[in-house]
Amino acid sequence: FFSDLYMESTEALLPPQRRHNGVLKIFGATAVAAIMLALTASTWAPMISTFAQPSTSMEAPNIIAKSYRALRSWGAHSRTQNPQGAPTHASADNMIVGGAATQVVKEAAFQAPPASSLGPLDNVIYFGSQWSWLAGTMAILFVIMAPLSFQGEASGSSNMGYSKFARTEEKTVPSQLGMFFIYFPASLMWTLITLLVPGTPSLWYRLCGALISGHHIKRCLEVLFVHRYSGQIEVGPAVAISCVYATQAALLAYVARSTLLPGGVPMQFDPFTPAGLTGLTMFAVGMLGNLYHHWLLRDLRKPGDTEYKVPTGGLFGLVCMPHYFFELVMWYGFALVYHHFLPFAIAINMTGYLAGRATATVRWYENKGLKTPEGWKCIVPFVY
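Using the working numbering, you'd call the opening residue of the sequence shown number 520 and step up by one each time.
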């Protein structure tokens, strides 16, 4: 419906071959700028303290105030268990959300968990004694889906319908519009969770939010100003991928806000441990490597050119999809910073999907009779 409405509303404003580019870039750039401002305000500015502790003398913005009052009203009628098992009345700062067994607590400034309560593995990845059934269920689902995604993409039986694998007989929209829609909702999620769940964000929470939101904002900007599109994207796969990315971002934000460490301490870790610094380095390398190879793909195709070519430069001489490889480096780096099993499960899921997609792309080049470098791997240099 929205794609049809968009096409009809812009058809009279722009020439047919350019009818979506101008409007989408203006809307997209404005929306991304608004998200960046909202993310900054919600995670870094003092306004979040006002939201967490409203007073009669300073009223929060209307929508935030309503959300907070709704949470307090709901929490006042909820019940939960304290660590000793005695039932206590819940409040907006200590309640069961949606029936999940995860408690939402007001976060203080960074406070490391008691060293005696964590095992050696917890210094790298935390599994936790109090973790949401939702996060655990979704993590298991992500891991199970990894080999299924790989098989579906690698075999060609269920390729997602975009780029080289779009089927024109299906309902489609311009690729740029569809790709922007894939990433835009996910870029909103961390800000929304920050505003809706009371508490004062720790440095670790702010850093994780900046990383994951920065990734999705970067992809939105690349869609608008870096990539050159010539084809169509199927509506169904675009909606499905968008929902998956948005769900991942919302889960990461929710778990970061609500999971308790032993002793009732909100989940927050020192991001400057060896594991955290390694993760930050991997994230930066992944983001920059991904952007660099996206730029090489842009230069491969001149404006108006619709012909596919074998890409060159960078790591394209070694692997078919080096931008996928660097995206995986970024995801595993983020998982080290986040310090929880959930992003590792998401990274495993992305590995299956992107490796399968890279395998199908190599086969596509070969079927087209295009000359590829000798010993060309799919996604990981010298390995696969």
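Where a beta carbon is used, it is the ideal one built from N, C-alpha and C, also for glycine.
Return helix, strand or coil for Y827, following the three-state DSSP convention. Sequence index remark: in the sequence shown, residue 827 carries index 308 (1-based). Of the three classes helix, strand and coil, the one that applies to Y827 here is coil, per DSSP.
Strand pairing of I752, partner residues [DSSP]: On the sequence shown, residue 752 is found 233 positions in, with the first residue counted as 1. I752 pairs with V692.
Candidates W652, Y645, T549, M664: closest to I865 by CA position: Here residue 865 refers to the residue found at position 346 of the sequence shown. When each option's Cα is compared against that of I865, the closest is M664.
Count the other CB atoms within 10 Å of the CB of I731; is the residue buried (16 or more) or exposed (fewer)? On the sequence shown, residue 731 is found 212 positions in, with the first residue counted as 1. Answer is buried; the Cβ neighbour count reaches 16.
V902 and V848 look like a contact to me (Cβ under 8 Å); what is the Cβ gap, rounded to whole Å? Along the sequence shown, one-based indexing puts residue 902 at 383. Along the sequence shown, one-based indexing puts residue 848 at 329. With 8 Å as the limit, V902 and V848 do not qualify as a contact, their Cβ atoms being about 13 Å apart.
For Y903, three-class secondary structure by DSSP: Locating residue 903 in the sequence shown gives position 384, counting from the first residue. In this structure, Y903 counts as coil in the three-state DSSP scheme.
Is S761 closer than 8 Å to P693 when the C-beta atoms are compared? If you number the sequence shown from 1, residue 693 lands on position 174. If you number the sequence shown from 1, residue 761 lands on position 242. Against a cut-off of 8 Å, the Cβ pair of S761 and P693 comes out as no contact.
Looking at Y681 and G697, is the spacing between their C-beta atoms short of 8 Å? Counting from one through the sequence shown, the residue named residue 697 turns up at place 178. Counting from one through the sequence shown, the residue named residue 681 turns up at place 162. It is a contact, given that the beta carbons lie within the stated cut-off.
Neighbourhood of A673 by C-beta distance below 7 Å, restricted to the same chain and skipping five residues each side: Numbered from 1 along the sequence shown, position 154 holds the residue referred to as residue 673. Cβ within range, chain order: G875, T878, A879.
Secondary structure at H858, three-state DSSP: helix, strand or coil? Within the sequence shown, numbered from 1, the residue matching residue 858 stands at position 339. Reduced to three states, the DSSP call for H858 is coil.
Tell me whether P790 sits in a helix, a strand or coil according to DSSP, three-state version. For this step, residue 790 is matched to residue 271 along the sequence shown. Reduced to three states, the DSSP call for P790 is coil.
To the nearest whole angstrom, what separates the beta carbons of M840 and I898, a pair I think is in contact under 8 Å? Position 321 of the sequence shown, counting from 1, holds the residue named residue 840. Position 379 of the sequence shown, counting from 1, holds the residue named residue 898. Indeed, because the Cβ distance is near 5 Å, the residues count as touching under 8 Å.
Between Y843, I712, V838, which has its C-alpha nearest Y884's C-alpha? Position 365 of the sequence shown, counted from the start, is the residue given in the question as residue 884. Cα-wise, what sits closest to Y884 is V838.
Per DSSP, what kind of secondary structure is K896 in: helix, strand or coil? Walking along the sequence shown from the start, residue 896 turns up at place 377. Note: K896 maps to strand in three-state DSSP.
Does the beta-carbon of F791 have 16 or more other beta-carbons within 10 angstroms, so that it is buried, or is it exposed? For this step, residue 791 is matched to residue 272 along the sequence shown. By the 10 Å Cβ count, F791 comes out exposed.
Taking the alpha helix (DSSP H) that R725 belongs to, which residues open and close that run? Sequence index remark: in the sequence shown, residue 725 carries index 206 (1-based). Per DSSP, R725 belongs to the alpha helix (DSSP H) from 722-744.
CA-to-CA distance, G798 to E846, given in whole angstroms: Your numbering for residue 846 matches position 327 in the sequence shown. Your numbering for residue 798 matches position 279 in the sequence shown. Looking at the two C-alpha atoms, the distance is approximately 13 Å.
Near H813, what residues of its chain come up, given a Cβ to Cβ distance below 6 Å and the 5 sequence neighbours on each side ignored? By 1-based counting over the sequence shown, the position of residue 813 is 294. Around H813: E741, V745, H842.
Integer Cβ distance of K890 from M806, believed to fall under 8 Å: Taking the first residue of the sequence shown as position 1, residue 890 is located at position 371. Taking the first residue of the sequence shown as position 1, residue 806 is located at position 287. Contact flag wrong, Cβ pair sits at about 31 Å.
Assigned secondary structure, Y645 (DSSP; H/G/I helix, E/B strand, else coil): Position 126 of the sequence shown, counted from the start, is the residue given in the question as residue 645. Reduced to three states, the DSSP call for Y645 is strand.
How would you call W652, buried or exposed, if buried means at least 16 neighbouring beta carbons within 10 angstroms? Residue mapping note: residue 652 aligns to position 133 of the sequence shown, counting from 1. When all chains shown are included, W652 counts as exposed.
With a CB to CB cut of under 7 Å and the five nearest residues on each side skipped, what residues in its chain are close to I867? As a first step, residue 867 is located in the sequence shown; it is residue number 348 there, counting from the start. Only F661, V662, A665 meet the Cβ criterion.
Return helix, strand or coil for V716, following the three-state DSSP convention. Within the sequence shown, residue 716 is the residue found at index 197, counting from 1. Coil, per DSSP.
So the candidates are R817, K683, P822; which of them puts its Cα closest to the Cα of P830? Here residue 830 is taken as the residue at index 311 of the sequence shown, counted from 1. For the residues R817, K683, P822, the minimum Cα distance to P830 belongs to R817.
Is A772 closer than 8 Å to G836 when the C-beta atoms are compared? Looking up residue 836 in the sequence shown gives position 317. Looking up residue 772 in the sequence shown gives position 253. No, Cβ-Cβ distance for G836 and A772 is not below 8 Å.
If you follow the alpha helix (DSSP H) that G888 is part of, which residue opens it and which one closes it? Residue numbering aside, residue 888 sits at position 369 when the sequence shown is read from its first letter. Careful: G888 lies outside any alpha helix (DSSP H) and carries neither H nor E.
Alpha-carbon spacing of Y915 relative to G795, whole angstroms: Since the first residue shown for the chain is 520 and the last is 903, residue 915 is missing from the structure and cannot be characterised.
DSSP has V838 in a bridge; who is on the other side? Position 319 of the sequence shown, counting from 1, holds the residue named residue 838. K896, per the DSSP bridge assignment.
CA-CA distance, N886 and D824? Within the sequence shown, the letter at position 367 stands for residue 886. Within the sequence shown, the letter at position 305 stands for residue 824. Using only the alpha carbons, I get a separation of about 21 Å.
For the alpha helix (DSSP H) that contains A658, what are its first and last residues? Walking along the sequence shown from the start, residue 658 turns up at place 139. 652-674 is the span of the alpha helix (DSSP H), which, as asked, contains A658.
For M869, which of helix, strand or coil comes out of DSSP? Your numbering for residue 869 matches position 350 in the sequence shown. The answer is helix: DSSP assigns M869 an H, G or I state.
Starting from the Cα of L722, find the closest Cα among A769, Q767, A775 and give me that residue. Working through the sequence shown from its first residue, we reach residue 722 at position 203. Per the Cα distances, A775.
Have a look at E578 and L819 and give me their C-alpha separation to the nearest angstrom. Here residue 578 refers to the residue found at position 59 of the sequence shown. Here residue 819 refers to the residue found at position 300 of the sequence shown. The predicted model places E578 with a pLDDT of 40, which falls under 50 and marks its position as unreliable; any figure quoted below should be read in that light. Between E578 and L819, the C-alpha separation is close to 54 Å.
C-alpha gap between T856 and G833, whole angstroms: Stepping through the sequence shown from its first residue, residue 856 is reached at position 337. Stepping through the sequence shown from its first residue, residue 833 is reached at position 314. The question names Thr, but residue 856 is Val in the sequence shown. Each residue's Cα considered, the two are about 27 Å apart.
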